[in-house]
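Here's the structure, in structure tokens; my notes come after.
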Amino acid sequence: MLRWELQLHALVEAALSEIGVDLEGVEFAVERPQVDSFGDFSTNAALVTFKKMSKSPRDLANQVIGTKAFAEFPHVQSYEIAGPGFINFYMKPSHLYSQIVEVLAEKEENFARSDLGKDEKVQVEFVSANPTGPLHIGNGWWAAYGDALSRVLKRCGYDVSKEYYVNDTGGQIRSLGRSILSRKAGTSPPEDGYQGRYVVDLANRYEGELEDEAAGRWAASVIISEIKQSLESFGVHFDVWYSQASIEESGAVEETIAELDSKGYVYENDGALWLKSTELGDARDRVLRKSNGDFTYLAGDIAYHRNKFLVRHFDRVIDIFGADHHGQVASQKAAMKALGIDPSRLEILLGQMVSVMESNEVVKMSKRAGTSIPLSFVVEKIGVSATRILCLSSSLDKATVLDLNKAVERSMENPAFYVQYAHARIFSLLKNASERGLTLDASLEVNLSPLSHPREIRLMKDITMLPEVVEVAARERAPHKVATWLKALAASFHGFYHDCPVLAEGVDLTLATSRLALVRATQIALRVGLDLVGAEAVEEM
RNA sequence: GCCCCUGUAGCUCAGUGGAUAGAGCAACUGCCUUCUAAGCAGCAGGUCGUAGGUUCGAAUCCUACCGGGGGCGCCA
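So my numbering is basically just the index in the first sequence, starting at one, shifted up by 25.
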């Protein structure tokens, strides 16, 4: 689709160079003003360059709009200099019509795609919750985020692989096994063990040997298959489930440590093996192999990340972790540096903690204490789509407090229904139209010029914004921006629906047809957006 | 003590250099003989934590302070 903000950016650039403005070191923006009275687009170009020309911003802006480049650009109705020196663009009405026609032609398949990430192989690792208990709503939060981010990146042309790292070995697995054996023996788990009810169920089913590690491994494998199931039904599919045990058993950890050693980043102290991470930007040195001979979690994790870059050759790796893993970031980056991998290729996004407000009390998610609110609980109450949009209603950086009662009982608190209702209305409207013999010309020879109502203009603008929204969401790793856009689009549609009848008496055929085309374009945009956040476009409500 | 995140309407949150800060919920008031009223409209609600600074321009960037969350293991 033709992107006006890009066209205008190029135009302004041409105009500036025509009058000899040096663009070295400055960036100007072409954006959509918040207020309609400031035009369809606006640029701050004169405001960021006026000093170089020792002129007032408004004088410079005047010179810009007087250029040949501007005179020869056919799509703008008028220009205006406003405020301190903005140049506002008022486009010809046709600029929206042609875009809507393009949306109709591109359909769900191609609308709002981009080649931003062409030829870039990226891995997104997320959830990776320990297989010591069912997924809780906090895990679900980041699952929704990571999956939506992956979808957004795919839409922008990245070659994306989604991965779940399974921590299926180590102390926590033994601890889980110990808790199960305690339950099996009819006693309570140790204080630092796992207290949840599911442990009792597992204990009843366990028939293997009475040894911590064996019981723990068995339980972890059961739990991981339940987690898999639970994520699949949440609409989150992982391409790869990578086992921590397999990394350790493959000898990759020894290999990695040997490589770090050969580069001079390893030393021995107090019987343990240390990484000289301080030299590489970490706050302190880290242990790789404990004095008892076991590797640390970090050692395995370094081997794992080395595998991502040097064995599987990802150009970029995005890890989404909970903020409680903050301490790992500097160490992991230091290790990458030591291995000769540019640490900027590893992006670690930290999701702030999610807690739940239940009857005026904040409940922290803890598998050990057994206080988790299972993801499945929320999904059963309000469905996958509503849950996923709910999870994407705030940014990753915000520690969220979810009011459980409101989320599951008062569905109006959840914007998902608002968005889905818009789609249900569209579906029903298109069905009614076709029953009455009103359909869109397959050749898309549709005249949209009757569309001039403020509601129609607003709706067209919102639809055509999606390609930009998707790119920004990808670039900023901020898929929740798609959810924000969806709500705005739904609002525009509901307004349009209310004021601009399609099938009512007294709407002539030309107007009805053009409105119908707009409705179909809205549907395309909505479906693309809903798919990106992993929500279903329902046909009925 | 050090590091990361955060503080925006009564509540939950958008908005991270642009002009007059937005939405949903909650409250109040209107709108269905008309394509789904799970909707639309109106009204009301704000020292953008506080104080300085940078800038033509700051909720947004910088500094300090205050409040909240997380981290600083030979746990994972």
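All residues carry an ideal CB built from backbone N, CA and C; glycine is no exception.
When beta bridges are read from the DSSP output, GLY347 appears opposite GLY376. For ILE366, the three-state secondary structure derived from DSSP is coil. Relative to GLY221, the option among GLU49, ILE205 and GLU273 whose CA is nearest is ILE205.
Ranked by Cα distance from PHE263, the first of PHE151, ARG242, SER200 and GLY347 is PHE151. Looking from the CA of LEU421, the closest CA among VAL563, ILE373 and ARG314 belongs to ILE373. By the neighbour-count definition (other C-beta atoms within 10 Å, threshold 16), LYS187 is a buried residue.
Boundaries of the alpha helix (DSSP H) around THR509: 505–524. Fully enclosed beta strand (DSSP E) runs of no fewer than 3 residues occupy 101–107 and 111–116 of the segment 98–122, in order along the chain.
DSSP, reduced to helix, strand and coil, places LYS456 within a helical segment of the structure shown. DSSP places VAL128 within a helical segment (H, G or I) once states are collapsed to three. By alpha-carbon distance to ALA348, the top candidate from VAL336, SER380, ALA360 and ARG341 is SER380.
Distances from the CA of SER369 to each of GLY352, GLN254 and ILE343 were compared; the closest alpha carbon is that of ILE343. With 16 or more other Cβ atoms from the protein chains shown falling within 10 Å of its own Cβ, ASN113 counts as buried. Beta bridge pairing from DSSP links ASP184 with LYS146. A contact is defined here as three or more CB-CB pairs under 8 Å, and the segment 452–466 fails this definition with respect to the segment 140–147.
Considering only LYS146, TRP166 and ASN87, the residue with the shortest C-alpha distance to SER153 is TRP166. Between VAL278 and LEU285, the C-beta gap is not smaller than 7 Å, which leaves the two residues out of contact. Residue environment analysis places GLN102 among the exposed positions, since fewer than 16 neighbouring C-beta atoms fall within 10 angstroms of its C-beta. According to the DSSP secondary-structure assignment, PRO159 is paired through a beta bridge with no residue.
Under the DSSP assignment, LEU300 falls in the beta strand (DSSP E) whose first and last residues are 297–300.
Around the beta-carbon of ARG500, fewer than 16 other beta-carbon atoms lie within 10 Å, marking it exposed. For TRP266, the pairing in a beta bridge is given by DSSP as TYR189. When C-beta atoms of the segment 438–450 are compared with those of the segment 512–520, three or more pairs fall below 8 Å, so the two segments count as touching. Taking the Cα positions, GLY559 is about 14 Å away from PRO440. Between the C-alpha atoms of VAL224 and ALA210 there is a straight-line separation of about 12 Å.
The beta-bridge partner set that DSSP reports for PRO399 consists of HIS161. When DSSP states are grouped into helix, strand and coil, THR321 belongs to the coil group. Contact check for VAL494 against LYS486 fails: the beta carbons are separated by 7 Å or more.
Relative to the Cα of SER316, the nearest Cα in the group GLY365, ASN294 and LYS301 belongs to ASN294.
Runs of the alpha helix (DSSP H) spanning 4 or more residues and lying entirely within the segment 204–249 occur at 222–230, in chain order. When LEU160, LEU543, PHE98 and ARG337 are compared, the shortest CA-CA separation from GLN254 is found for LEU160. The beta carbon of GLU383 sits closer than 8 Å to the beta carbons of ILE398, LEU429 and ASN430 from its chain, once the five residues preceding and following it are set aside; these are given in chain order. Annotation for ARG393: no alpha helix (DSSP H) segment contains it, and DSSP assigns it neither H nor E.
Around the beta carbon of GLU470, fewer than 16 other beta carbons sit within 10 angstroms, so the residue counts as exposed.
Three or more Cβ pairs closer than 8 Å define a contact, and the segment 33–46 meets that threshold against the segment 59–75.
Non-local beta-carbon contacts of ASN192 in its own chain, meaning distances under 6 Å to residues more than five positions away in sequence, involve ASN155 and GLN269 in chain order.
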